[in-house]
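Asker: In this note's numbering, the protein residues as written are 538 to 786.
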Ligand code: 13P
């Protein structure tokens, strides 16, 4: 059966001292739910995170990586670099990367291929913009993002894929999709996967919701049958808030 997952995407926040302080706060907390817990610090603090959380169930993951094996890509980080510091999971396709760094369905499909080649796992993000929803195009936008990024994969690959539906209009805005809107989209995503890959694979994929998840709304969102956890931005930067969400299952 699919897993519950709560992942904190720290984005471009926390230098080394703040990372050390937040990780030490996180280590003092207890996971009382069945959720797998992950944090994604910036590249410069990944190694510290892995070392500091060696004996903890919290997994340290990356926010991005390049698809190429190595080479002349100034400023980029490859899969082997992540694996060499025991980072085996990477967030791909976050809307901020799609919007500000020109990440396209095509480049993301290549990154996903690299993840699989390297035996890693990805949290693959997608979601519609406000205008798409206003125009009633949210289902077709999400369908094309997941089909273009992932539907070239074979069935076996899906055990390495976690999905994160993050409506762009709900990210960092304080405006959350209602639990019903999240459930409706997550059910649509699962059906879309089932139509191509069958029910077994669709039922086993964890689909996270992201966008202004807070301690106050996490429980209601997570209570929906097709919502298997959350990708948390702002609230992941505070250990009390993050753990209130982790333990909201
Ligand atoms: P917020 O929780 O700050 O809205 O961010 C969500 C997000 O983008 C997680 O990847």
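Don't be surprised by glycine CBs; every beta carbon is placed ideally from N, CA and C.
These figures come from a predicted structure and were not determined experimentally.
If you scan the segment 631-665 from start to end, which runs of the beta strand (DSSP E) of 3 or more residues do you find wholly inside it?
Answerer: For the segment 631-665, whole beta strand (DSSP E) runs of length 3 or above, ordered along the chain, are 658-663.
Asker: Measure the alpha-carbon distance for residue 634 versus residue 640 and round it to whole angstroms.
Answerer: Straight-line Cα distance between these residues: approximately 6 Å.
Asker: Give the C-beta separation of residue 708 and residue 767 to the nearest angstrom, bearing in mind that I take them to be a contact with Cβ-Cβ under 8 Å.
Answerer: With a Cβ gap of about 12 Å, residue 708 and residue 767 do not count as contacting.
Asker: Can you check the segment 702-785 for any alpha helix (DSSP H) of at least 4 residues that lies completely inside it and give the ranges in chain order?
Answerer: List check, alpha helix (DSSP H) in window: 716-734, 736-741, 752-759, 776-783.
Asker: Give me the Cβ distance between residue 576 and residue 545, rounded to the nearest whole Å; I'm assuming they're in contact under 8 Å.
Answerer: Right, their Cβ atoms sit about 4 Å apart.
Asker: Could you tell me whether the segment 548-565 touches the segment 736-755, where touching means 3 or more Cβ pairs closer than 8 Å?
Answerer: Verdict: no, contact absent.
Asker: Let me know the secondary structure DSSP gives residue 678 once reduced to three states.
Answerer: Of the three classes helix, strand and coil, the one that applies to residue 678 here is helix, per DSSP.
Asker: Could you check if residue 762 is buried or exposed, using at least 16 other CB atoms within 10 Å of its CB as the buried criterion?
Answerer: Per the 10 Å Cβ criterion, exposed.
Asker: Use the C-beta contact count for residue 612: other C-beta atoms within 10 angstroms, 16 or more gives buried, fewer gives exposed.
Answerer: Counting Cβ neighbours within 10 Å, residue 612 comes out exposed, since fewer than 16 surround it.
Asker: Excluding five sequence neighbours on each side, which residues of the same chain lie with their C-beta closer than 6 Å to the C-beta of residue 682?
Answerer: 663.
Asker: Between the segment 619-626 and the segment 593-609, are three or more C-beta pairs nearer than 8 Å?
Answerer: As far as the Cβ criterion goes, the segment 619-626 touches the segment 593-609, which means the pair count is three or higher.
Asker: When you measure from the CB of residue 703 to every non-hydrogen atom of the ligand 13P, does any distance come out below 7 Å?
Answerer: Yes; taking the cut-off as 7 Å, the Cβ of residue 703 has a heavy atom of the ligand 13P nearer than that.
Asker: Taking 7 Å as the cut-off, is the CB of residue 750 close to at least one heavy atom of the ligand 13P?
Answerer: Checking the Cβ of residue 750 against the ligand 13P gives yes.
Asker: Could you tell me which residues DSSP pairs with residue 596 in its beta bridges?
Answerer: For residue 596, which the question treats as bridged, DSSP gives the partners 575.
Asker: Which value, in whole angstroms, describes the spacing of the CA atoms of residue 785 and residue 717?
Answerer: Straight-line Cα distance between these residues: approximately 17 Å.
Asker: Going by DSSP in three states, residue 608 sits in which element: helix, strand or coil?
Answerer: Note: residue 608 maps to coil in three-state DSSP.
Asker: For residue 627, tell me which candidate among 636, 608, 642, 653 has the shortest Cα-Cα distance.
Answerer: Nearest C-alpha to residue 627: 653.
Asker: Leaving out five residues before and five after residue 644 in sequence, what residues of the same chain have Cβ atoms less than 6 Å from its Cβ?
Answerer: So the list is empty, once near-sequence residues are dropped.
Asker: Exposed or buried, what is residue 607 when buried is set at 16 or more other beta-carbons lying within 10 Å of its beta-carbon?
Answerer: Residue 607 should be labelled exposed.
Asker: Would the C-beta of residue 629 count as close to the ligand 13P, meaning under 7 Å from any of its heavy atoms?
Answerer: No; taking the cut-off as 7 Å, the Cβ of residue 629 has no heavy atom of the ligand 13P nearer than that.
Asker: Can you name the start and end residues of the alpha helix (DSSP H) that residue 587 belongs to?
Answerer: Counting along the chain, the alpha helix (DSSP H) containing residue 587 begins and ends at 583-589.
Asker: Just reading off the beta strand (DSSP E) that residue 544 is part of, what are its end residues?
Answerer: 542-546 is the extent of the beta strand (DSSP E) around residue 544.
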